[in-house]
Structure formats: C-alpha cells, structure tokens
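Residue numbers (our numbering): -8 to 262. In this text, a Cβ means the ideal position worked out from N, Cα and C, and glycines have one as well. Structure, as structure tokens:
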DNA sequence: AGGAAAACCTGCGTGC
DNA sequence: TGCACGCAGGTTTTCC
C-alpha cells in the first residue's frame, strides 16, 4: 500500500477540494473491504459538510460535524477526485458525491483497505488508539527510539515497521531508511548503538520527507488524487534493486526475506 | 511479552 | 494459450 508519503500526498490533493463541501450522496458498490463499509453511510453523511482532512499514520481522517470517516488504502487503494462524467471502473467500490458535482472515488482492487465511521474523538478508535508517534514529529527522536529498541531482539527492519513503535514506515521506506543510515536490516534492534539510532531517526525523517516531495512511490497501483503517479521509485537506493550496483559503492544490492517481506540492502555499505 | 506465521484479496509476471 | 505458482506500498488475528 501506500505508505505514509502516498497517504500524505493523497491528503494534500483532496483537502482543499473537500473542505467546506457537503456530501450529496454516497454510493457503495461493494462494501466488502477489510471490514464492511457501514450501511448507514448514506443517511449519516448526506448533507454533512467536510470540516477537515487529516492524516494519522496511514489513515486518512475526513472530519464532519458529527463524526469522522476513517479511510485506509490498504495495499492497492487509491482515492481520486473525478468528474461525474467519469466512467466507473472495476474495483471502484465507493463514491462520495460532492455538492460541486465532483466525486471522491475510492478504488481498491485487493480490498485490504477500509472505510469506517467513528463518532467519538478519533484517537479513541481501536485502530488508532495504540499507534506510535508520527515519524515527522519531534516526539519521534533518538531518546524515544532507544527506549523502544531496548530488549527487542527482532531485526531492526521489522521493528521500525511496527506501527506501535513508529507509524508510516512501510516496506519500501524501511529498506530505504536503513540504507541511508548505513545499518544492516538484519541487526537485532537492541544491539544498535546510540549514534546508529540517531542516524536511523534522521534517515527515516529524511526518506519520508523526500518521498513526499516526490509525490510518493508508484510500483503498480498508486496514483494521487488527480490520477498522477509518484516519482520516488526512480530514486530508490535499495528497494527493488536486487543485483543492481549500489549507487554509493557499486557492489550488488542483495535481496533477502524478513517476516515474509522482501528486504533490499547493500552488504558493503550497511553494517 | 514478543515473535513468527497465517489470513484477508486481486492481478500480473514467469516458467512449464 | 493455459495453468500453476509466487509475489505485490498492510495490518489484524492466531498461535507458540
């Protein structure tokens, strides 16, 4: 899925368009996402105005007067603003029709995403309640991460992908951030020295910021709210580059499996 | 507890 | 051309 940069790029694309507008109709063509799309959405949202469009971790939070629409894009989800004339395609599961005539259209071939309604404070939702800090915030720093890594014997890559430790770091940016910090992804988390932890925190922030600036990464499905692909895939150092020369030292990038996911790294640069 | 693996899906590339 | 297999931006659930 979309990791944090793709969700943030999507948020930025839809925020100004949605904010202040009322929802005219909700069309659910297929409610079978990760959890069923609530069947009361039409009654609940009709006439309600969007107050805010925020992001927490990889969740988009569309705030209304009486509650929040919680949207996750899963592995293959996209959210686009289209005109009413736009043909509905396969996997276009949900439409929110806006009062200006445009449509916010949710597409998700694999249906790993979700669209949920929550009327209490968003932080109280079970999916959001135990998330770690935002990686681009000051609460995600070396002192914090050092505490989180202590006593954890799992590989550092798996730990930085744990959303309880820090949110938003998915499979691509985990490999990229570890390359940038010159750390072997297989290292047990608790063995990292303080200066390595500092480098890793800086690398995660820089990698995510660069990816947001590039409009995210498009491997296959991802497009932003206007239908444009991201460009970060053109500048990866490790991810997807198995066998290709390291951009720093020219030795071949290696691919391994960690936690059933592909990991890419340079054994020469990353120790 | 932490950690590993299975589960949820569709689509696409590869190799026979 | 067809088919089986493995793999894909995630996260919850289950089991040890």
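Any idea what DSSP makes of residue 338, helix, strand or coil? Residue 338 is absent from the model: the chain starts at -8 and stops at 262.
Mind checking which residues open and close the alpha helix (DSSP H) that includes residue 290? For residue 290 there is no data in the structure shown, the boundaries of the chain being -8 and 262.
Look up residue 4 in the DSSP assignment and say whether it is helix, strand or coil. Helix.
With a cut-off of 8 angstroms on the beta carbons, I'd call residue 8 and residue 39 a contact; round off their distance for me. Actually they do not touch by this definition, with Cβ atoms about 16 angstroms apart.
Whole-angstrom C-beta distance between residue 153 and residue 261, which should lie under 8 angstroms: Here residue 261 is actually not in contact with residue 153; their C-beta atoms are around 20 angstroms apart, not less than 8 angstroms.
Quick one: Cα of residue 104 to Cα of residue 50, how far? 10 angstroms
If distances are taken between C-alpha atoms only, which option among 148, 47, 243 and 17 comes closest to residue 31? When only C-alpha atoms are compared, the closest one is 17.
What residues match up with residue 83 in a beta bridge as DSSP calls it? 98
C-beta atoms of residue 234 and residue 247 nearer than 8 angstroms: no
Let me know the secondary structure DSSP gives residue 135 once reduced to three states. helix
From 116, 114, 118 and 188, residue whose alpha carbon lies closest to that of residue 150: 188
Straight-line Cα distance separating residue 183 from residue 171: Answer to the nearest angstrom: the Cα atoms are 15 angstroms apart.
Measuring straight from C-alpha to C-alpha, what distance separates residue 205 and residue 56? 33 angstroms
Give the DSSP bridge partners of residue 58, in chain order. 55
Pair every Cβ in the segment 91 to 105 with every Cβ in the segment 63 to 71, then say whether three or more of these pairs are closer than 8 angstroms. Counting Cβ pairs under 8 angstroms, three or more are found: they touch.
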